[in-house]
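Trainee:
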Amino acid sequence: MDIEKPKFETKEQINIGKIKEIIEVEVLPGCHKEPLIKKMREIANEKGKTVKAKFQDEEIVVEPEDQKE
-3 MDIEKPKFET KEQINIGKIK EIIEVEVLPG CHKEPLIKKM REIANEKGKT VKAKFQDEEI
57 VVEPEDQKE
């Protein structure tokens, strides 16, 4: 009777979900790219999560600087 097994699998899945947590930013019309990236970098470093935004036709992804080390 392996009733305990799913609990461990679930715990692992939750941890994986936390690592890949992404903050999506809504870009308002009239926003400039440079200040947007600067603000996204601030949010990424503050929260320790990847920040993603759709700027016009391109997708900008900013990783927190802590993870690069």
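Position one of the sequence shown corresponds to residue -3 (the numbering used here), numbered consecutively onward.
Cβ coordinates follow ideal geometry from the N, Cα and C atoms, glycine included.
(1) Under DSSP, the beta strand (DSSP E) around K48 begins and ends at which residues?
(2) Please classify V58 as buried or exposed, where buried requires at least 16 neighbouring CB atoms within 10 angstroms.
(3) Between the beta-carbon of E55 and the beta-carbon of A49, is there less than 9 Å?
(4) Using C-beta distances below 7 Å, list every residue in its chain close to E61, excluding the 5 sequence neighbours before and after it, in chain order.
(5) Which residue marks the beginning of the beta strand (DSSP E) containing E20, and which one marks its end?
(6) Applying the 10 Å Cβ sphere with the 16-neighbour rule, what's the burial state of K34?
Mentor: Reading it off the structure:
(1) That run of the beta strand (DSSP E) goes 46 to 51.
(2) Buried, because 16 or more other Cβ atoms sit within 10 Å of the Cβ of V58.
(3) Taking 9 Å as the cut-off, the Cβ atoms of E55 and A49 count as close.
(4) So the qualifying residues of the chain are N41.
(5) It spans 18 to 21 - the beta strand (DSSP E) in which E20 sits, taken as one unbroken run.
(6) Flag for K34 reads exposed.
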